[in-house]
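> Under the numbering used here, read the sequence shown as residues 4 to 485, first letter to last. Structure provided below as structure tokens; questions to follow.
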Amino acid sequence: MNPSSPLAKDTRTERDALGDMEIPADAFYGIHTARAMNNFAVSGRPVNQQLIQALVLVKKAAAQVNGEQKRLPAHRAAAIINACDELLARRYQNMFTVDALQGGAGTSTHMNVNEVIANLAIVQLGGQPGQYELVHPLDDVNCCQSTNDVYPTALRIAAIRLLRPLCDAMSSLQEALQHKEMEYADLLKLGRTQLMDALPMMAGQGFGAYAKAIARDRWRLYKAEERLREIPIGGTAIGTGMNAPRAYSYRMVEKLADETGLGLCRSDHPMDPIQNMDVFVEVSGLLKSAAVNLLKISGDFRLLASGPFGGIGEYTLPPVQAGSSIMPGKVNPVMAEMAGLTAMRVMAEDAAITMAAASGQLELNAFLPLISESLLESLHILSNAVQLFTERCVRGLVVHEERCSANLRNSAVMASALVAELGYDEAASIASAAIAQGRTPEDIAEERGLLTRSRIEQLCHPYTVTKPGIPGQEEGTHHGNE
């Protein structure tokens, strides 16, 4: 509504059990929202819009079902449905004013939605905001409902809607890593354990290991949707279903499943998903697992790209912006850093979700707004971070063959390929001499007359040292020291 519209005055008076309160005349929220705005001025962040949209969707379905089943007059149900459609088109988002961090198990968010829908419907029927005899936020918009069944139902819908893009982003990351696996399948480099030289490997093998980890995350997240499909709508306040006819409950599940296409189903014991939040902990735990892998991979990229001349310098990450205000030409691995810090944030949100879920008491969890804010935030930022990391870092990553060859050549790791032929002690002696003299183990072994050059080349062939088996031996045979 435009502030210049012909309203009777600049404010309107609304009342509840606590007394009267002045509300801006052009506001579509009401007294319950206004009280919450004063009480919960905490973060300055409004409730996640994905949750608001899901709540509105539940309200639309309820108006449809209550209209069909004659609990609402047709004109009132139609006005509520039209108001919901306005909100689902992302209009009047500024009317959802309650802070994300709020007490009350989500009641303030729920009432904010009820009041905005009611006042929009009132205006459509020719009234002015606050004329609740036309459409009442509780008697009509909230008919057969409670915060305690509507809010967790909406949260599940919102979470699934955010989970699917994350699964797509993980799929793209897996594909990009597999492409690098094939691209560098024949590039020999130095493998490291505990940051120290270890064994030779193909660069592609490293990318393949990353891809396998992401594939596990992708599958786990895909399956997580099944945990979120069971909704408690119709359970009302504590899951017993008082004030919600059985026919309403079943029809609501059908309506929401059709509207969302998410395969939603009715909980066979609504008291469970109303009071127990372990499903959200489980989903958050899977997000944390994905974040762990993302942090590990992005950290490896930063390490292998370090330098480029004073560090390892085997990778070059795509340059996307200047890296310093005082050091000209410096380019930092900012996309890998972004992925890493986002992963850290998801891990922190998981801790909050865990504590909030464990702090529920008896038939309700008062900390559901924190669970909602943290879970939806994690889904959103992880999806965006993975997508950006894939497109602006992984796909453009280059492995430098010359640097990889130099690092491998300057190490003594090829001594490991001589163990089966010469024994561990002799190979260790060769490695020590190679390090002390700045030479290769191959040269030391030949100089000592322990092996011929042709045998050394056979033992240290790139394809021999980067696959299962004992260098220089066929499967099922044994040579060398007994």
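Here a beta-carbon is modelled for each residue, glycine too, at the ideal position from N, C-alpha and C. Predicted model only: the values in this text are computed from it and were never measured.
Can you round the beta-carbon distance between P474 and A423 to whole angstroms, since I take them to be within the 8 Å contact cut?
Your pair P474 and A423 checks out as a contact, with CB atoms roughly 6 Å apart and the cut at 8 Å.
> Quick check: the Cα distance between S375 and N368, rounded to an integer number of angstroms?
12 Å
> Going by the DSSP bridge assignment, what does K192 pair with across the sheet?
M204
> Can you tell me whether L267 is helix, strand or coil according to DSSP?
coil
> To the nearest angstrom, report how far apart P155 and P322 are at their CA atoms.
Rounded to the nearest angstrom, the two C-alpha atoms are 43 Å apart.
> How is the beta strand (DSSP E) around G302 delimited, first residue to last?
Not the beta strand (DSSP E): G302 falls in the alpha helix (DSSP H), residues D281 to L307.
> What did DSSP end up calling G22 once you bin it into helix, strand or coil?
Judged by DSSP in its simplified three-state form, G22 adopts strand.
> Tell me which residue opens and which closes the alpha helix (DSSP H) that Q197 is part of.
Premise fails: Q197 is in no alpha helix (DSSP H) and is neither H nor E.
> Can you name, in chain order, every residue of its own chain whose Cβ lies under 6 Å from the Cβ of P276, other than the five neighbours on each side?
So the qualifying residues of the chain are P155, P235 and S270.
> Could you tell me which of L90, Q105, D13 and D19 sits nearest to M40, measuring between CA atoms?
If we check each option's Cα against that of M40, Q105 comes out closest.
> Taking the straight line between their C-alpha atoms, what separation do you get for T16 and F31?
13 Å
> With a cut-off of 8 Å, do at least 3 Cβ pairs link the region 415-434 to the region 375-395?
no
> By Cβ distance, which residues of its chain are closer than 6 Å to N117, with the 5 residues on each side in sequence left out?
P140, V144 and N145
> DSSP three-state call for V50: helix, strand or coil?
coil
> Along the alpha helix (DSSP H) that carries H35, what are the first and last residues, could you check?
First-last of the alpha helix (DSSP H) with H35: I34 to N42.
> Do you know how far the Cα of L231 is from the Cα of A162?
8 Å
> My understanding is that E449 touches R456, with C-beta atoms under 8 Å, so please give their C-beta distance in whole angstroms.
6 Å
> On the CB-based measure, 16 or more other CB atoms within 10 Å of its CB, does G109 come out buried or exposed?
buried
> M350 and K291 look like a contact to me (Cβ under 8 Å); what is the Cβ gap, rounded to whole Å?
5 Å
> For A430 and G343, I'd like the C-alpha separation in whole angstroms.
Straight-line measurement puts the Cα of G343 at about 40 Å from the Cα of A430.
> Using three-state DSSP, classify T1 as helix, strand or coil.
Nothing about residue 1 can be read from this structure; the chain reaches only from 4 to 485.
> Could you please give the first and the last residue of the uninterrupted alpha helix (DSSP H) stretch that includes S419?
For S419, no alpha helix (DSSP H) run applies, since DSSP gives it neither H nor E.
> At what residues does the alpha helix (DSSP H) containing Q72 begin and finish?
Run containing Q72: none; DSSP gives neither H nor E here.
> Using a Cβ-Cβ cutoff of less than 6 Å, which residues in the same chain neighbour V119 once the five nearest sequence positions on both sides are dropped?
F31, Y32 and M98
> For Q364, which beta-bridge partners are listed by DSSP?
L367
> Counting only the same chain and skipping the five closest in sequence on each side, list residues whose C-beta sits under 8 Å from that of A214.
Within the same chain, Q177, L180, Q181 and E184 come within 8 Å of A214 by CB-CB distance, once the 5 residues on both sides are set aside.
> According to DSSP, simplified to helix, strand and coil, what is P27?
strand
> From P336, T243, D281 and L297, pick the residue whose C-alpha is nearest to that of P311; which is it?
P336
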